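Undergrad:
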Amino acid sequence: MNNILNINSVADYCSLRNQELLHPLVSIIDFDKVIEEGPKNKKYDAFHFKCYAIFLKDAKGCKIMYGGKPYDYDDGTLVFISPNQTIELGGYKPDFVPKGFALLFHPDLLLGTNLARKMNQYSFFSYSTNEALHLSTKERKVILSVFDKIQFELEQNLDKHSKKLIVANIELFLDYCLRFYDRQFLTRDIVNQSSLEKFDTLLSDYFASDKPLKLGLPSVGYFADHLHLSSNYFGDLVKRETGISAQEYIQTKLIHIAKEKVFDFDKSISEIAYELGFKYPQHFSRLFKQKVGFSPKDFRSSIN
Numbered sequence: 008m009n010n011i012l013n014i015n016s017v018a019d020y021c022s023l024r025n026q027e028l029l030h031p032l033v034s035i036i037d038f039d040k041v042i043e044e045g046p047k048n049k050k051y052d053a054f055h056f057k058c059y060a061i062f063l064k065d066a067k068g069c070k071i072m073y074g075g076k077p078y079d080y081d082d083g084t085l086v087f088i089s090p091n092q093t094i095e096l097g098g099y100k101p102d103f104v105p106k107g108f109a110l111l112f113h114p115d116l117l118l119g120t121n122l123a124r125k126m127n128q129y130s131f132f133s134y135s136t137n138e139a140l141h142l143s144t145k146e147r148k149v150i151l152s153v154f155d156k157i158q159f160e161l162e163q164n165l166d167k168h169s170k171k172l173i174v175a176n177i178e179l180f181l182d183y184c185l186r187f188y189d190r191q192f193l194t195r196d197i198v199n200q201s202s203l204e205k206f207d208t209l210l211s212d213y214f215a216s217d218k219p220l221k222l223g224l225p226s227v228g229y230f231a232d233h234l235h236l237s238s239n240y241f242g243d244l245v246k247r248e249t250g251i252s253a254q255e256y257i258q259t260k261l262i263h264i265a266k267e268k269v270f271d272f273d274k275s276i277s278e279i280a281y282e283l284g285f286k287y288p289q290h291f292s293r294l295f296k297q298k299v300g301f302s303p304k305d306f307r308s309s310i311n
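Following the working numbering, the numbering of the sequence shown begins with 8 at its first residue and continues without gaps.
1. Tell me where the alpha helix (DSSP H) around ASP312 begins and ends.
2. Return the first residue and the last residue of the beta strand (DSSP E) that TYR59 is part of.
3. Roughly how many whole angstroms lie between the Cα atoms of SER16 and VAL41?
4. Between the alpha carbons of LYS156 and ARG124, how many angstroms are there, rounded?
5. State the DSSP-derived secondary structure class of ALA109, mapped to helix, strand or coil.
6. Measuring only the C-alpha atoms, how far is LEU261 from VAL153?
7. From what residue to what residue does the alpha helix (DSSP H) around THR249 run?
8. Quick check on the burial criterion: 16 or more other C-beta atoms within 10 angstroms. Buried or exposed for ILE14?
9. Taking the beta carbon of GLY300 as the centre, do at least 16 other beta carbons fall within 10 Å, making it buried, or is it exposed?
10. Can you tell me whether ILE173 is buried or exposed, with buried defined as 16 or more other CB within 10 angstroms of its CB?
11. Below 8 Å on the Cβ atoms is my contact criterion, and I expect LEU210 with ILE257 to pass it. Report the Cβ-Cβ distance as a whole number of Å.
12. Which residue from ILE36, ILE264, GLY228, ASP39 puts its Cα closest to that of PHE206?
13. Is TYR287 buried or exposed, if buried means 16 or more other CB atoms sit within 10 Å of its CB?
14. In terms of DSSP beta bridges, what is VAL86 paired with?
15. What is the DSSP secondary structure of SER216, reduced to helix, strand or coil?
16. Would you call the region 88-97 in contact with the region 48-66, where contact means no fewer than 3 C-beta pairs closer than 8 Å?
17. In the region 123-184, which residue ranges form an unbroken alpha helix (DSSP H) of at least 4 residues, counting only runs that do not cross its ends?
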């Protein structure tokens with residue numbers, strides 16, 4: 008990336024799109040109203056955002072990279088970008104004309120609000136979330152109705168109610184997106200089940216190899232990469248399908264294997280700990296006791 012445009016504020020993006028700034032911390036962009044669009048920003052390879060940005064895309068012809076991965080970004084989808092993240096632009100078609108909407112808001116808008124405290128619940132803003140939200144026709148109408156409410160507030164004279172109403176509608180929008188992502192997970196159920204089966208196989212193969220000795224305990228990211236999924240999306244998938252987190256799933260598998268290894272009386276507890284990927288045997292003993300109720304040594308004695 009040679010030419011990166013820094014979007015340090017909502018005003019910067021409005022200026023780029025030749026749009027009037029109605030509020031210093033939040034804006035809705037309707038690309039149908041962007042008359043001169045294209046040549047001004049095509050000299051840039053990427054945009055680096057210092058604010059939250061959500062794009063509802065209604066046109067084909069532009070591909071982006073986010074977090075080093077291609078974004079699942081096509082006609083009728085929502086893309087979520089968090090502050091301090093970069094999107095790479097590429098693949099412009101000669102006749103490309105952006106269509107759709109953008110919602111941008113600065114983190115300062117949320118200061119002192121309930122939404123500020125729950126932003127980490129919206130995992131789709133994560134750097135590693137590389138699956139966009141595909142909207143149905145009805146869902147798109149819901150999203151646009153909320154955008155209309157935000158735009159209505161932006162066009163009013165600012166008063167003591169403005170911030171509360173704008174933030175409340177942004178929160179409503181994000182909560183709808185959570186619901187729609189749940190729907191997307193459900194409709195991809197067959198794909199999800201296949202991924203879980205592969206995860207289980209990869210997990211078994213990992214502990215059956217010398218990788219624990221070489222690489223240590225496996226991370227959620229390790230398996231997500233092998234399944235070509237983002238860590239957050241993969242974690243949400245496992246949670247929805249099994250009821251436990253991906254990390255808990257790994258630990259459950261590890262303890263099951265550890266119980267079998269404890270049967271091998273020719274190996275010390277420390278040797279078993281190292282074979283499973285623990286750097287320190289006491290960490291293994293602590294986790295084992297937490298999950299089983301006995302230390303590895305006491306569990307071995309109970310077998311006798």
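Even glycine gets a Cβ: it sits at the ideal position worked out from N, Cα and C.
These numbers were taken from a predicted model, which means no experiment stands behind them.
TA: Concretely, from the data shown:
1. Coverage of the chain is limited to positions 8 through 311, which leaves residue 312 absent and any answer about it impossible.
2. It spans 59-64 - the beta strand (DSSP E) in which TYR59 sits, taken as one unbroken run.
3. Approximately 19 Å, taken between the alpha carbons.
4. Roughly 23 Å separates the two Cα atoms.
5. In the three-state DSSP reduction, ALA109 falls in the strand class (E or B).
6. Going from the Cα of LEU261 to the Cα of VAL153 covers about 46 Å.
7. Segment 238-249, the alpha helix (DSSP H) holding THR249.
8. Buried is the call here.
9. Flag for GLY300 reads exposed.
10. Flag for ILE173 reads buried.
11. With a contact defined as Cβ atoms closer than 8 Å, LEU210 and ILE257 qualify at about 7 Å.
12. Answer by Cα proximity: GLY228.
13. Residue burial is scored here from C-beta neighbours: TYR287 has fewer than 16 other C-beta atoms within 10 angstroms and is therefore classed as exposed.
14. Looking at the DSSP assignment, VAL86 forms a beta bridge with PHE62.
15. DSSP places SER216 in coil when its eight states are reduced to three.
16. Verdict: yes, contact present.
17. Within the region 123-184, the complete alpha helix (DSSP H) segments at least 4 residues long are 144-161, listed from N- to C-terminus.
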